[in-house]
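Scroll down for the structure; my scribbles are underneath it.
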Amino acid sequence: MSDHSEPTRAPAVHSSRSRSPFRLNLEQQRKRAKELLQALRTGEADAQRRFRRYHPRAEGVSEPNVTGSLAHLTEAQLVIARELGLPSWPALKAHIRATRKARDSILHDAAAPDAGAKTLHIRCGSDLRSSLENAGFVGAFLEYADPLCQGPVVHDQAWLAQRADFLAQAYGPRTGRDVTQIADDLHRAESALQSAAERYQRVVLWFEHDTYDQLVLARCLAQFADTPPRRLELISVDRFPGSTRFIGLGQLPPEALRLLWTQRRPVSPQQASAGRSVWQMLRSPDPTPLARAARNGIPELPHLAKALRRHCQELPWLDDGLSLTERLVLQLLAERPRTVGQAYAELMLSCEPLPWLGDLMFLFIVESMKRSAEPVFTSAFDGDDRHWPRERLTITALGHAVLARKVDWLSLAPPDRWLGGVHIRNQHCWRWDDQTGNTHLTRAARQRRG
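Residue numbering for the sequence shown is 9 to 458, as defined by my numbering.
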C-alpha cells in the first residue's frame, strides 16, 4: 500500500526522534543511578519497587534487607541498566559507545552500510524510509504494508482484489483512497516482491516481533522460498534499549538502524520454508494448524510463534465471544469513559501484550463494535472538534454484562469479520481457548442473556 493508505503505526505514543527515548546519555544515566540509590536509602516505596522488579537478588527480600544489602551505587546502576533493557551497567556503557560511534559515522558521511551490492530493503510500512536514508543507506526501499493481520487473506487467485475491497471499506473513508487506488498499490507491492530476487543482489527484511510484521514476513518468506535472491538477510527484533516501551522499528533514530544492520543474519532455506508454511496456514478457513504452530513453536523464526498466538487471540473466545482487542477496549471503558485516541494510546503503551495495531486498524475495530444489535458502549463528541480520536466512549450495562461473561458477544450480532482465512459470521464459528491454545468449532454456552 502507499503511504496514504497504510494505517499509521502508533503516532500518538512515539516521541520525536530528536528527543528519542532510545538515545541514551551516559551522564544522565549515572545521575539517575545516584538518585535511585538515594531514594532507596531513604526508604522510598518506588525505589523499593524498582529494585524488586529489576534487581536479580531483590525479589522476595524484605524491605530492610533490600536497603541494607543492595544500597550501593553499583547495584543501582544495575537496576538502571536492566530498566533500559540491558543486562548490566558495562553492557549499557558499551551500547552507548556503539550508538555514539554509529551516529558519528552518519555525521561524517562514512560509507553507506549497504554499499557493495545492489540492495532492496523491505519493510511493512513507510516508517523506515527516511530513517534509512538519514542513516546513510543507499539501497532501494519496498513498502509492503498490507495489514494481513486484519481482514480476509484467502487461498484464491483473486485474493488481492478481496484485500483491496476490505481495505477500501475499512480504511478508505479515512484516507481518501478508493478501491482502485488501493488495488493498484497492492498489485505494485506484490509485483515488486515477486521480482525482487531477479532485480537485486541482496534483499534485506526489516521486521519487528508483532503480528502485523510477522505475518507480512511470512508472506515475504513464502515468496523467497520459491524464488530465493542471491543474498537474503533478516533483521527481526523484539526490543531495543531505551526509556520507553519498544513497539516498533519506526520509533528508532537513524543510528539505531546502523546498529541493527550489524546484527542482520542470512535467511536459511529452513526459515524460508517455515515462513511459507505459516503463509499457507494463515489463508486456511481452519485455524487449527495455525494454533498448533503457535503452541508448538517455530524454532527457525523465534518471534513468529508468539505473533501467531496473538493472532489467534483475535478469534472469538470460548467464554464470551470477544476477541482479545475487543475485551481490552471494554476493560478500559469499564474503568472510566475514554476518547478513542486515549484508548488507543493506553492500549499500545500498557494494556496490549503484543502491540500490533495501527490507529486506523484500531478505529475499525471500535467502529465495528458500534454496529452490534445492542450497544456495549455509547459514543459522543464533547465539543465542535469531531475528529475521530476525540470521540468519547462510555460503557453500557450490557457492555459490563459481556465483560462479566453473562452475555455472549456474538449473540449481539456484531458485523461479520475475517481473520486470515477464517470467516466469523455468527455464533457457530471457530473460537479460541486461551487456556489450552486450541481452537474449537462450536457455539457459545450462553446464546443470549445468562
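Yeah, the Cβ is synthetic: ideal placement off N, Cα and C, and Gly gets one too.
Please work out which residues of its chain come closer than 8 Å, Cβ to Cβ, to residue i, disregarding the five sequence neighbours upstream and downstream, and give them in chain order.
{"i": "Ala66", "result": "Phe59, Arg60, Val74 and Leu78"}
{"i": "Leu8", "result": "The requested residue 8 does not occur in the structure, where the chain is confined to residues 9 to 458."}
If I measure Cβ to Cβ from residue i and keep anything under 6 Å in the same chain, skipping five residues before and after, which residues do I get?
{"i": "Glu308", "result": "Gln278, Gln279 and Ala282"}
{"i": "Asn304", "result": "none"}
{"i": "Ser28", "result": "Pro261"}
{"i": "Leu225", "result": "Phe215"}
{"i": "Trp325", "result": "Trp440"}
{"i": "Arg137", "result": "Phe149"}
{"i": "Leu100", "result": "Ala89 and Leu94"}
{"i": "Leu449", "result": "Trp438"}
{"i": "Ala200", "result": "Leu150"}
{"i": "Gln443", "result": "none"}
{"i": "Ser387", "result": "Glu399 and Leu401"}
{"i": "Trp269", "result": "Pro121"}
{"i": "Arg238", "result": "Gln209"}
{"i": "Pro297", "result": "Met289"}
{"i": "Arg425", "result": "Ile432"}
What's the call for residue i, buried or exposed, on a 16-neighbour Cβ count within 10 Å?
{"i": "Thr459", "result": "In the structure as shown, the chain begins at 9 and stops at 458. Residue 459 is therefore absent and cannot be evaluated."}
{"i": "Asp193", "result": "buried"}
{"i": "Thr333", "result": "buried"}
{"i": "Ala20", "result": "Residue placement at Ala20 is flagged as unreliable, the pLDDT there being 35, under the threshold of 50; the coordinate-derived value follows with that caveat. With fewer than 16 other Cβ atoms within 10 Å, it is exposed."}
{"i": "Leu355", "result": "buried"}
{"i": "Asp416", "result": "buried"}
{"i": "Gly458", "result": "Reliability of the predicted coordinates at Gly458 is poor, the pLDDT of 44 falling under 50, and no value is obtained from them."}
{"i": "Phe469", "result": "It is not possible to answer for residue 469, since the shown part of the chain is limited to 9 through 458."}
{"i": "Leu141", "result": "Leu is not the amino acid found at residue 141; the sequence shown has Glu there. Glu141 comes out exposed."}
{"i": "Glu343", "result": "exposed"}
{"i": "Gly180", "result": "buried"}
{"i": "Ser203", "result": "exposed"}
{"i": "Thr219", "result": "buried"}
{"i": "Ser358", "result": "exposed"}
{"i": "Thr107", "result": "buried"}
{"i": "Gln435", "result": "buried"}
{"i": "Lys39", "result": "exposed"}
{"i": "Arg456", "result": "In this predicted model, Arg456 has a pLDDT of only 46, less than 50, meaning its place in the structure is not dependable; the value taken from the coordinates is given anyway. Exposed."}
{"i": "His311", "result": "buried"}
{"i": "Thr188", "result": "exposed"}
{"i": "Asp117", "result": "exposed"}
{"i": "Gln46", "result": "exposed"}
{"i": "Val146", "result": "exposed"}
Quick one, which of the options has its alpha-carbon nearest residue i's?
{"i": "Gln37", "options": "Leu81, Asp328, Pro361 and Gln56", "result": "Leu81"}
{"i": "Thr447", "options": "Leu411, Ile306 and Leu316", "result": "Leu316"}
{"i": "Gln209", "options": "Thr270, Pro160, Leu265 and Thr127", "result": "Thr127"}
{"i": "Asp112", "options": "Ala205, Ala123, Ala143 and Glu198", "result": "Ala143"}
{"i": "Gln158", "options": "Trp364, Ser419 and Asp442", "result": "Trp364"}
{"i": "Ala169", "options": "Arg185, His195 and Glu151", "result": "His195"}
{"i": "Pro423", "options": "Leu449, Lys414 and Gly329", "result": "Gly329"}
{"i": "Pro155", "options": "Ser139, Ala176 and Tyr352", "result": "Ala176"}
{"i": "Arg400", "options": "Leu323, Ala125, Ile243 and Leu340", "result": "Leu340"}
{"i": "His217", "options": "Asp173, Ile255 and Leu371", "result": "Ile255"}
{"i": "Ile373", "options": "His163, Ile243 and Leu323", "result": "Leu323"}
{"i": "Gly366", "options": "Ala120, Gln56 and Ala178", "result": "Ala178"}
{"i": "His163", "options": "Ala118, Leu290 and Glu206", "result": "Leu290"}
{"i": "Glu83", "options": "Thr50, Ala119, Ala41 and Ser331", "result": "Ala41"}
{"i": "Ile130", "options": "Phe174, Thr296, Cys228 and Arg247", "result": "Cys228"}
{"i": "Gly445", "options": "Phe248, Lys314 and Ala53", "result": "Lys314"}
{"i": "Ala191", "options": "Ser244, Ala230, Arg266 and Ala166", "result": "Ala166"}
What first and last residue would you give for the alpha helix (DSSP H) that runs through residue i?
{"i": "Leu401", "result": "Here Leu401 belongs to no alpha helix (DSSP H); instead the beta strand (DSSP E) covers Arg400 to Ile403."}
{"i": "Asp441", "result": "Note, Asp441: premise wrong, no alpha helix (DSSP H); beta strand (DSSP E) at Cys437 to Asp441."}
{"i": "Leu242", "result": "Here Leu242 belongs to no alpha helix (DSSP H); instead the beta strand (DSSP E) covers Arg239 to Val245."}
{"i": "Ile373", "result": "Asp367 to Lys378"}
{"i": "Trp167", "result": "Trp167 to Ala178"}
{"i": "Leu449", "result": "Counting along the chain, Leu449 falls outside any alpha helix (DSSP H), though it belongs to the beta strand (DSSP E) covering Asn446 to Thr450."}
{"i": "Thr107", "result": "Trp97 to Leu115"}
{"i": "Ser358", "result": "Per DSSP, Ser358 belongs to no alpha helix (DSSP H) and is neither H nor E."}
{"i": "Cys320", "result": "Leu312 to Cys320"}
{"i": "Phe59", "result": "Ala53 to Tyr62"}
{"i": "Gln85", "result": "Leu81 to Glu91"}
{"i": "His332", "result": "According to the sequence provided, residue 332 is Leu. The question's His does not apply to it. Run containing Leu332: Leu332 to Glu343, per the alpha helix (DSSP H) assignment."}
{"i": "Gly283", "result": "Pro277 to Leu290"}
{"i": "Thr296", "result": "Thr296 to Asn304"}
Would you mind reading off the limits of the beta strand (DSSP E) that contains residue i?
{"i": "Ile130", "result": "Thr127 to Arg131"}
{"i": "Ala148", "result": "Ala148 to Glu151"}
{"i": "Val430", "result": "Val430 to Ile432"}
{"i": "Ala388", "result": "Phe385 to Ala388"}
With a CB to CB cut of under 7 Å and the five nearest residues on each side skipped, what residues in its chain are close to residue i?
{"i": "Val87", "result": "Leu44, Arg58, Phe59, Tyr62 and His63"}
{"i": "Arg253", "result": "Leu357"}
{"i": "Val348", "result": "Leu371, Val374, Trp396, Pro397, Glu399 and Leu401"}
{"i": "Glu198", "result": "Leu168"}
Can you find a heavy atom of the ligand ATP that lies under 7 Å from the Cβ of residue i?
{"i": "Arg346", "result": "In the structure shown, the ligand ATP is absent, as is every other ligand, since no ligand is present at all."}
Entirely enclosed beta strand (DSSP E) segments - the segment 179–252, minimum 3 residues: You should have 210–216 and 239–245.
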